[in-house]
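A short worksheet on the structure shown next.
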Amino acid sequence: MRQFHLHLVSDATGETINSVARACVIQFDDVRPVEHFWNLVRTERQLDMVLEGVQENRGLVMFTLVDEKLRRRLQDFCREVQVPCIPVLDPLINALAAFLGVESQRQPGRQHALDAEYFGRMDAMDFALAHDDGQSSWDLHEADVILMGVSRTSKTPTCIYLANRGIKAANIPIVPGCPMPPEIEKLTRPLVVGLTKDPDRLVQIRRNRLKLLNQNESSTYVDPEVVRAEVTDARRMFTRRGWPVIDVSRRSIEETAAEIMMLLARRQTGGLPGLPSEGSIT
Numbered sequence: 001m002r003q004f005h006l007h008l009v010s011d012a013t014g015e016t017i018n019s020v021a022r023a024c025v026i027q028f029d030d031v032r033p034v035e036h037f038w039n040l041v042r043t044e045r046q047l048d049m050v051l052e053g054v055q056e057n058r059g060l061v062m063f064t065l066v067d068e069k070l071r072r073r074l075q076d077f078c079r080e081v082q083v084p085c086i087p088v089l090d091p092l093i094n095a096l097a098a099f100l101g102v103e104s105q106r107q108p109g110r111q112h113a114l115d116a117e118y119f120g121r122m123d124a125m126d127f128a129l130a131h132d133d134g135q136s137s138w139d140l141h142e143a144d145v146i147l148m149g150v151s152r153t154s155k156t157p158t159c160i161y162l163a164n165r166g167i168k169a170a171n172i173p174i175v176p177g178c179p180m181p182p183e184i185e186k187l188t189r190p191l192v193v194g195l196t197k198d199p200d201r202l203v204q205i206r207r208n209r210l211k212l213l214n215q216n217e218s219s220t221y222v223d224p225e226v227v228r229a230e231v232t233d234a235r236r237m238f239t240r241r242g243w244p245v246i247d248v249s250r251r252s253i254e255e256t257a258a259e260i261m262m263l264l265a266r267r268q269t270g271g272l273p274g275l276p277s278e279g280s281i282t
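No gaps in the numbering here: position 25 of the sequence shown is 25 in full-length UniProt numbering, and each next residue is one more.
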């Protein structure tokens with residue numbers, strides 16, 4: 001395993017550069033970056049600390065600074081000590097400026113402004129928490145998306161991720177012997193999506209869950225035959241109601257959410273919400 005120092009320098013929260021760096025590094029096998037995370041770098045003194053860190057642990061530097069004076073100083077220093085220095089957003093910003101025919105504002109943290117979009121995300125987050133696990137079913141009509149699925153099919157974390165994108169998401173568990181909320185039958189606005197998972201994988205996850213809770217593992221909750229029947233019955237219900245189904249067995253939360261957002265976009269443009277994509281949606 002090859003290790004290297006990676007300095008991530010940002011004048012805002014650093015979410016962007018962190019995501020870009022991880023997306024790039026993951027493409028290389030047998031390497032592990034030792035990350036040095038420098039966020040909210042907006043003054044000369046703060047940049048001094050960055051330069052000291054780069055001097056002590058020389059390695060690749062990636063940055064998203066917009067202040068021209070700080071950018072120049074960082075780049076000059078990196079040239080002096082002979083380490084790569086990459087302005088990760090410059091190619092896209094320059095291309096947008098050329099295409100639009102206007103100059104960028106070069107203002108740190110503009111994506112985190114407390115604007116209508118920000119408060120929309122906060123409202124969506126409140127909605128997801130209030131409508132987790134079948135709660136508050138009386139106003140499900142206000143949801144953009146409702147996720148259905150048996151226990152441990154990643155409904156809650158997917159809803160939270162969608163909420164962070166400003167999408168109001170609720171989730172309802174499918175429990176053997178328990179009827180669905182009657183409000184489901186009357187819904188027309190929300191997109192209802194069924195989540196499913198490989199039964200064997202589901203049993204493994206549920207067993208781990210019970211161990212964490214120090215609960216008895218002999219219950220039907222982890223019985224392979226019972227779980228298999230749960231999954232089958234849920235899929236039959238999804239098919240009967242014409243709801244699109246996403247198999248989350250080998251999907252990350254981000255990938256599942258991306259599929260749901262694609263379904264929403266298709267629905268808004270008049271496409272078929274249940275149109276399958278390769279091997280994931282049925």
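Just so you know, even glycine gets a beta-carbon here, dropped at the ideal spot from N, CA and C. Just so you know, these numbers come straight off a predicted model, no measurement behind them.
CB contact flag (L47, L74, <8 Å): yes
Extent of the continuous alpha helix (DSSP H) run through D247: Not the alpha helix (DSSP H): D247 falls in the beta strand (DSSP E), residues V245 to D247.
Reference K155; option with closest CA among L195, H141 and E230: L195
Neighbourhood of G14 by C-beta distance below 7 Å, restricted to the same chain and skipping five residues each side: L8, F37 and N39
Proximity of I260 and V145 at Cβ, strictly below 8 Å: yes
Coarse secondary structure for R165, derived from DSSP in three states: coil
Min CB distance C24 to chain D below 8 Å: Given the protein chain composition of this structure (a single chain), no chain D is represented.
Own chain, CB closer than 8 Å to V193, minus 5 neighbours either side, in chain order: V145, I146, L147, M148, W243, P244, V245, I246, I260 and L263
Per-residue burial, G279 [other beta carbons within 10 Å of its own, 16 or more giving buried]: Bear in mind that a pLDDT of 40 at G279, under 50, signals an unreliable position, so the model cannot answer this.
Inter-residue CB distance, A21 and M49 (contact presumed, cutoff 8 Å): With 8 Å as the limit, A21 and M49 do not qualify as a contact, their Cβ atoms being about 19 Å apart.
CB contact flag (T158, T256, <8 Å): yes
Same chain, Cβ closer than 8 Å to R42, five either side skipped, listed in chain order: D11, D67, L70 and P108
Straight-line gap, M122 to D132 (C-alpha atoms, nearest Å): 15 Å
Element boundaries [alpha helix (DSSP H), containing M262]: I253 to Q268
Close Cβ partners of P176 (< 7 Å) along its chain, the five nearest in sequence each way excluded: E230
Alpha carbon of D76 to alpha carbon of A169, nearest angstrom: 47 Å
Where V9 falls: helix, strand or coil (DSSP): strand
Integer Cβ distance of T232 from V226, believed to fall under 8 Å: With 8 Å as the limit, T232 and V226 do not qualify as a contact, their Cβ atoms being about 11 Å apart.
Proximity below 8 Å, CB of L51 to CB of V83: no
Euclidean distance between Cα positions of G274 and L6: With a pLDDT of 44 at G274, under the threshold of 50, the modelled position of this residue cannot be trusted, and the question is left open.
Backbone secondary structure at residue 290 - three-state DSSP: Since the first residue shown for the chain is 1 and the last is 282, residue 290 is missing from the structure and cannot be characterised.
Proximity of N94 and M125 at Cβ, strictly below 8 Å: no
Of the listed residues A258, S218, L213 and F238, nearest to E185 (C-alpha basis): F238
Close-in-space but distant-in-sequence residues of the same chain around E183 (CB under 8 Å, 5 per side omitted): S137, W138, L140 and H141
According to DSSP, residues forming a beta bridge with R32: Q3
Run of the alpha helix (DSSP H) containing P91, from where it starts to where it stops: D90 to L100
I129, enclosing alpha helix (DSSP H) - first and last residue: According to the sequence provided, residue 129 is Leu. The question's Ile does not apply to it. Per DSSP, L129 belongs to the alpha helix (DSSP H) from A116 to A130.
Bounding residues of the beta strand (DSSP E) (the contiguous stretch that carries V145): V145 to G149
Residues of its chain near D200, where Cβ-Cβ distance is below 8 Å and the 5 sequence neighbours each way are ignored: P224
From V54, A265, Y161 and R45, residue whose alpha carbon lies closest to that of P190: A265
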